[in-house]
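J.: One structure follows; several queries about it will come next.
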């Protein structure tokens, strides 16, 4: 198997991380495209990229993603057997740590890994109140309202919803 090596600069670290696994790189389309820009045959030829890639995420999140991306398999959409314990390292983390990891997975376009982390997040927020969930996702929690008008059978959302669009 050919040697592939690229340096990754994370926002909170002065020392770059060496990513040397071609299999991990294949699972990160954004990194693979960066390598392919100058090294179209990186999968079949030895490739060492000199210029580091800057990633605007914490190193801890990156190291977690790189060390678990091959291990975590996307849950089947029709499976009811998947449980958070299938992803023990992610399940042991708190929601803020998971948020940074899923955002990094999105940034690197690691969709299968993103589904795994998203599953763990979904299971963790199941027990939270609506207000806590809204705060976690950074959205406003609006009070419950009834927009259905029994008199005419139409849904009438408030005009504020359409302002600014």
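In UniProt numbering, the protein residues as written are 1 to 165. Yeah, the Cβ is synthetic: ideal placement off N, Cα and C, and Gly gets one too. Quick caveat, the model's predicted, so the values are computed rather than measured.
#1: So, with DSSP's three-state summary, where would you put residue 47?
#2: If you draw a straight line from the alpha carbon of residue 7 to that of residue 27, how long is it in whole angstroms?
#3: With distances taken Cα to Cα, identify the nearest neighbour of residue 61 among 152, 90 and 160.
#4: Can you tell me the Cα-Cα spacing of residue 53 and residue 133, whole angstroms?
#5: Under the rule that 16 or more other beta-carbon atoms within 10 Å means buried, what is residue 116, buried or exposed?
#6: Please go through the same chain and pick out, in chain order, the residues whose beta-carbon is closer than 7 Å to the beta-carbon of residue 82, but skip the five residues on each side of it.
#7: On the DSSP letters alone, give me the boundaries of the alpha helix (DSSP H) that residue 55 sits inside.
#8: I'd like the list of long-range same chain contacts for residue 20, defined as Cβ closer than 6 Å, with 5 residues on each side in sequence excluded.
#9: Thinking C-beta only, is residue 15 closer than 7 Å to residue 56?
#10: Locate the alpha helix (DSSP H) running through residue 60, then write down its first and last residues.
#11: Would you call the segment 21–40 in contact with the segment 65–75, where contact means no fewer than 3 C-beta pairs closer than 8 Å?
#12: Would you list the one or two residues that DSSP bridges to residue 8?
T.: Concretely, from the data shown:
#1: strand
#2: 16 Å
#3: 90
#4: 33 Å
#5: buried
#6: 75 and 119
#7: Taken as a continuous stretch (DSSP letters only), residue 55 belongs to no alpha helix (DSSP H), being part of the beta strand (DSSP E) at 53–55.
#8: 5
#9: no
#10: 59–68
#11: yes
#12: 17 and 53
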